[in-house]
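Heads up: the protein sequence lines correspond to chains A and L, in order. Quick note: the first sequence uses the UniProt record's numbering, first residue 1, plus one each step. Quick note: the second sequence uses the UniProt record's numbering, first residue 1, plus one each step.
Number of protein chains: 2
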Amino acid sequence: MGETNGVHWLDDGQQTAWRSFLVGNARFFEALGAAHDAELDLSLGEYTLLVQLSEQPDRTQRMSALADGLVLSRSRLTHTVTRMEGRGLVSRCPADGDRRGVNCRMTDLGHAALVAAAPGHVRAVRRLLVDVLEPDELEALGRIMGKIGVAARSELTGAARDC
Amino acid sequence: MGETNGVHWLDDGQQTAWRSFLVGNARFFEALGAAHDAELDLSLGEYTLLVQLSEQPDRTQRMSALADGLVLSRSRLTHTVTRMEGRGLVSRCPADGDRRGVNCRMTDLGHAALVAAAPGHVRAVRRLLVDVLEPDELEALGRIMGKIGVAARSELTGAARDC
DNA sequence: GTGTGATAGTTGAGATATCAACTATCTTTC
DNA sequence: GAAAGATAGTTGATATCTCAACTATCACAC
């Protein structure tokens, strides 16, 4: 069953699930991005970055921690922060204790932008995700995506290195 | 509960699920993309495009249908196909019956590239998704993402236009 | 058959992302 | 305390994506 040339192909049910995952994902992020573009002054990525900063003490976090939390490459974060700094949403300052380090801090303007965008963002997430699912489905989705995330991270981190 | 200034914020459980969804997704696609980059000659996007073509009669499909199926903008598909055409993976030809239309056809070289990439792709999808979940979880994920995709599409299509 | 609005696809400019190379600092080891 | 390697972050060239404008064709009304 489902094995040709030593390759374990996906069966029909697995195929269907995988396709739904791909397409559903693409449509969801397209719609959420469109909602941000249409109503809000922050893109989804900028918004997420500011949310993460808003949860840090003094609204400040090291670039590397920020990159890890947002699942962004260092380089991409550097460019993104440079642009956002240009708009006055965040500012950079040297990290204390490690002269290589750079802290990223949300400015008051950034905070104001976050507060202004939050209602529209939450409405969109509700409309496109939370309200679309039964409560137990949302819980299941979270649990399942958690497992997927853990597996992906361990592959990226290079855990399970061959002996 | 959870309502301030008329905004329905997410409760803790909803927040957790939403975060898991965001982060799990980002990690998953990062890992799958990395697997393609490392082992295969086709990016995930190129591979998906060729898969879709491979399922069409004569390995040929109209640009617009291809764009819809892959959830890509027309413009993005044009650029992608131009690049892939440059590599000899697909070719363009006029659609018959509608002189505006353009067909995209997978070449033999494209088919060979697809066949060569398929085992590695499927292995990665197994490792990062299918094998990570229980069968019922995979089924649930497919079902849930299907619902999300439908909701997102109806928003994008502009259904439910206000009276 | 002419005008009007929709649809198919492309184009090019500007925005964003990726990748490899680079500087600077830190850490470890001897 | 000097050398070697790891870590933090940036840089710039290139690749890719996005957005609005554009051409061409089609469909439909009149």
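Beta carbons: idealized from backbone N, C-alpha and C, even for Gly.
With DSSP as the reference, identify every bridge partner of residue i, one or two as the case may be.
i	result
residue 94/A	102/A
residue 4/A	7/A
residue 61/L	104/L
I want to verify the contact list: residues of chain L whose CB lies under 7 Å from the CB of residue i, in sequence order.
i	result
residue 81/A	Near residue 81/A there are no residues of chain L at all, since even the closest Cβ is about 18 Å away, more than 7 Å.
residue 133/A	144 and 147
When we look at the beta-carbon of residue i and count the other beta-carbons within 10 Å, is it buried (16 or more) or exposed?
i	result
residue 93/L	exposed
residue 15/L	exposed
residue 83/A	exposed
residue 160/A	In this prediction, residue 160/A scores a pLDDT of 42, lower than 50, which makes its location untrustworthy; the coordinate-derived value is nonetheless stated afterwards. Exposed, because fewer than 16 other Cβ atoms sit within 10 Å of the Cβ of residue 160/A.
residue 36/L	buried
residue 7/L	exposed
residue 162/L	Below a pLDDT of 50, predicted positions are generally treated as unreliable, and residue 162/L, at 38, falls in that range; no measurement from the model is reported.
residue 27/L	buried
residue 5/A	exposed
residue 46/A	buried
residue 80/A	buried
residue 97/A	exposed
residue 109/L	exposed
residue 157/A	exposed
residue 115/L	exposed
residue 67/A	buried
residue 38/L	exposed
residue 24/A	buried
residue 134/A	exposed
residue 55/L	exposed
residue 3/L	exposed
residue 20/L	buried
residue 149/L	buried
Starting from the beta carbon of residue i, find every residue of chain A whose beta carbon is closer than 9 Å, and list them in chain order.
i	result
residue 74/L	Simply none; closest approach about 13 Å.
residue 38/L	Those do not exist, as residue 38/L stays about 11 Å from chain A at its closest Cβ, beyond 9 Å.
residue 33/L	By Cβ distance, chain A contributes nothing, its closest Cβ being about 10 Å from residue 33/L, past 9 Å.
residue 10/L	122, 125, 126 and 130
Please list, in chain order, the chain A residues whose beta carbon lies closer than 7 Å to that of residue i.
i	result
residue 20/L	142, 145, 146 and 149
residue 61/L	Within chain A, no residue comes near residue 61/L; the closest Cβ sits about 16 Å away, beyond 7 Å.
residue 24/L	145, 146, 148 and 149
residue 7/L	119 and 122
List, in chain order, every chain L residue whose beta-carbon is nearer than 8 Å to that of residue i.
i	result
residue 30/A	71, 152 and 156
residue 139/A	13 and 17
residue 102/A	Those do not exist, as residue 102/A stays about 22 Å from chain L at its closest Cβ, beyond 8 Å.
Shortest alpha-carbon distance to residue i belongs to which of the options?
i	options	result
residue 58/A	157/A, 104/A, 128/A and 109/A	104/A
residue 70/L	142/L, 50/L and 85/L	50/L
residue 106/L	87/L, 32/L, 123/L and 126/L	87/L
residue 10/A	129/L, 41/L and 150/L	129/L
residue 127/A	3/A, 29/A and 22/A	29/A
residue 120/L	3/L, 32/L and 19/L	32/L
residue 53/L	148/L, 90/L and 19/L	90/L
residue 78/A	60/A, 102/A and 55/A	102/A
residue 124/L	12/A, 85/A, 145/A and 151/A	151/A
residue 118/L	132/L, 95/L and 48/L	48/L
residue 64/A	44/A, 95/A, 40/A and 42/A	95/A
residue 112/L	73/L, 61/L, 143/L and 40/L	40/L
residue 13/A	142/L, 34/L, 13/L and 42/L	142/L
residue 144/A	61/L, 132/L and 73/L	132/L
residue 44/A	122/A, 61/A, 22/A and 99/A	122/A
Within 7 Å: the Cβ of residue i and any heavy atom of the ligand FMN?
i	result
residue 156/A	With respect to small molecules bound, the structure shown includes none, and the ligand FMN cannot be examined in it.
Using a Cβ cut-off of 8 Å, pull out every chain A residue sitting near residue i, in sequence order please.
i	result
residue 16/L	142
residue 27/L	71, 148, 149, 152, 153 and 156
Report task. Mind checking the segment 107-126 of chain A against chain L and listing, in chain order, the residues whose C-beta falls within less than 8 Å of any C-beta there? Result -> 118, 119, 122, 123, 125 and 126
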